[in-house]
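Protein chains: 2
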Amino acid sequence: MRILLAEDDPDLSRQLKASLSDAGYVVDHAPDGEEAHFLGDTEPYDCIILDLGLPKIDGVSVLERWRREGKTTPVLILTARGAWSDKVSGFDAGADDYLTKPFHTEELLARLRALVRRAAGHAQPMLVCGGVRLDPRAARASVNGEPLRLTSLEYRLLHYLMMHQNRVISRTELVEHLYDQDFDRDSNTIEVFMGRLRKKIGNERIETVRGLGYRLKPLHDEVSDL
Amino acid sequence: MRILLAEDDPDLSRQLKASLSDAGYVVDHAPDGEEAHFLGDTEPYDCIILDLGLPKIDGVSVLERWRREGKTTPVLILTARGAWSDKVSGFDAGADDYLTKPFHTEELLARLRALVRRAAGHAQPMLVCGGVRLDPRAARASVNGEPLRLTSLEYRLLHYLMMHQNRVISRTELVEHLYDQDFDRDSNTIEVFMGRLRKKIGNERIETVRGLGYRLKPLHDEVSDL
DNA sequence: CCGGTTCGTTCAGGTAAGGTTCAGGTCTTC
DNA sequence: GAAGACCTGAACCTTACCTGAACGAACCGG
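Residue numbers (numbering that gives the first Met the number 0), protein chains in the order written: chain A, 0 to 225; chain B, 0 to 225.
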């Protein structure tokens, strides 16, 4: 965990840096808004602690710039007691949390844990098979970067195949996962949809294993990257 | 945006509920820990405001249970002044933010905006999707710089869509986040509002994914800038 | 208290997207 | 070369979705 501490008061800075290091964070220190902005732009921090009353450029401006540039690092703001209207503008500039001086170090640490935890909770599983990618969260798929237009069933079919790629999937297994119990067992819809899917993602990507089922796999020359 | 307010003080509850409703949130109220836990388990809230001093089950326990069950909804905790050691245990139980009574309603609203924003994965306060912009703090939206005249529900609908743009949102998800518990599940208001929204922001911006829901996205030629 | 406006909701008819079916055609295997 | 497994184009038909219009509750100024 790497943290940027933007704070001008030397005493407070030293004390905070010590506490944070003790807690296992790696801490960079910026004594003014200019350096804070520069460091925040260039280094990949997991979290930023930002004092609002910084020399050269004030905290809110720094924060606004970062957000305008698309930076999403969680930011915790520090300010003097009673300036609660600052809080509102700070939050609306894109801050994720706020703390009023003086504060207990314990509380700062707790808030940091909460921030980092939440920021890390954005792991989205993206399914990849050669040039084919499928994003379950967005319900979207693409082949070689080109977005695919899939119908609901085509999508579900592809999804299932991608989750079990390189394995042979029987028609009955597919039916069982795509439909509810009562489904005409001797229907050829699966075949039809295999045909349609093949047209959209490329024939060779779905191999048919006669008598057993189908197998989704990357093309021969496609390295299994991610 | 749908919120659960878990607070036992009747006066404060009433006042907060009014303020939150005014700010455009849909609010469910739980007067004790038992009901809070139940509601939080069953309904999909965008955020939860949790008083620590609740009857029946105290706030920290409720929160701990939710987190143990894997619930990730952002939670903002309320407590009486000076009980700052509560804060630490509150945060470590999985709270995302903390507010000490008494507080300014403004500040609560600002913190809520920040929480909801972050939970949706947006660090910046201004929502942008192609030519459509929405400013949550001014409750204003525009398309290609032209301000939009939106009714309350149209606005909330657009807001939710913009927070989850490029993702398919099911009708039920929308209903659950725009209305409180008792709402006629087989009503077509969502469709009607989709129609009205489309008329105002442009038909092609909202794609309907048959059988799944809707997806808000930039137009083809609109670069995903900021 | 009353007409007018605004908005959310309901309803009914229309449309077309997308799933299923079917009838051949093609390929495999023995 | 026959039989069975698989492919495929086109037709069918269900139903999700769209849309215009009307209803009714809430609000507002007079």
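Every residue, glycine too, gets a C-beta built ideally from N, C-alpha and C.
### Query
Of all Cβ atoms in chain B, is any one closer than 7 Å to the Cβ of residue 39/A?
no
### Message
Going by beta-carbon coordinates alone, are residue 7/A and residue 30/A separated by less than 7 Å?
### Response
yes
### Query
Near residue 88/B, which residues of its chain fall below 7 Å by C-beta distance, leaving aside the five closest residues on each side in sequence?
59
### Query
What is the DSSP secondary structure of residue 213/A, counted as helix, strand or coil?
strand
### Message
Pop quiz: residue 189/A and residue 174/A are said to be a contact at Cβ under 8 Å. What is the actual Cβ separation, rounded to whole angstroms?
### Response
6 Å
### Residue ranges of each beta strand (DSSP E) within the segment 114 to 160 of chain A, 3 or longer
126 to 128, 131 to 134, 139 to 142
### Query
With respect to 6 Å, is the separation between the Cβ of residue 85/A and the closest non-hydrogen atom of the ligand MG below this value?
For the ligand MG, the structure offers nothing, since it holds no ligand at all.
### Message
Between which two residues does the beta strand (DSSP E) holding residue 40/B run?
### Response
Residue 40/B -> not in any beta strand (DSSP E); alpha helix (DSSP H) instead, spanning 32 to 41.
### Query
If you measure beta-carbon to beta-carbon, which residues of the segment 177 to 210 of chain A are closer than 7 Å to chain B?
none
### Task
Report the residues of the segment 126 to 142 of chain B with a CB closer than 8 Å to any CB of chain A, ordered along the chain.
136
### Contact list for the segment 56 to 75 of chain B against chain A, Cβ threshold 9 Å
71, 73
### Query
How long is the line joining the alpha carbons of residue 129/A and residue 217/A, rounded to whole angstroms?
4 Å
### Query
So which residues of chain A does residue 172/B contact, with C-beta pairs closer than 8 Å?
Correct list: empty, because the minimum Cβ distance to chain A is about 12 Å.
### Query
Along the segment 86 to 111 of chain B, what residues have a CB closer than 7 Å to any CB found in chain A?
86, 87, 90, 91, 94, 95, 96, 103, 105, 106, 109, 110
### Message
Using a 10 Å radius around the Cβ and a threshold of 16 neighbouring Cβ atoms, would you call residue 93/A buried or exposed?
### Response
buried
#### Entry: Per-residue DSSP class, three states only, for residue 179/A
coil
### Contact set between residue 18/A and chain B, taken where Cβ atoms lie within less than 9 Å
None at all; the shortest Cβ gap to chain B is about 14 Å.
### Task
Helix, strand or coil for residue 71/B, going by three-state DSSP, please let me know.
coil
### Task
Starting from residue 50/B, trace the beta strand (DSSP E) both ways and give me its first and last residue.
46 to 50
### Query
Ends of the alpha helix (DSSP H) at residue 190/A?
188 to 200
### Task
Could you tell me whether the Cβ of residue 167/B comes closer than 7 Å to any Cβ of chain A?
yes
### Message
Rounding to the nearest angstrom, what Cα-Cα distance links residue 145/A and residue 131/A in this structure?
### Response
9 Å
#### Entry: Inter-residue Cα distance where the pair is residue 23/A and residue 50/A
21 Å
### Message
Does the CB of residue 219/A have a neighbour CB from chain B at under 7 Å?
### Response
no
### Query
Under a Cβ-count criterion, where at least 16 other Cβ atoms within 10 Å of its own Cβ denotes burial, should residue 203/B be classed as buried or exposed?
exposed
### Message
When you compare the CB of residue 44/B with every CB in chain A, is at least one pair closer than 7 Å?
### Response
no
#### Entry: In DSSP terms, what residue 61/B is bridged to
Its beta-bridge partners do not exist; DSSP assigns none.
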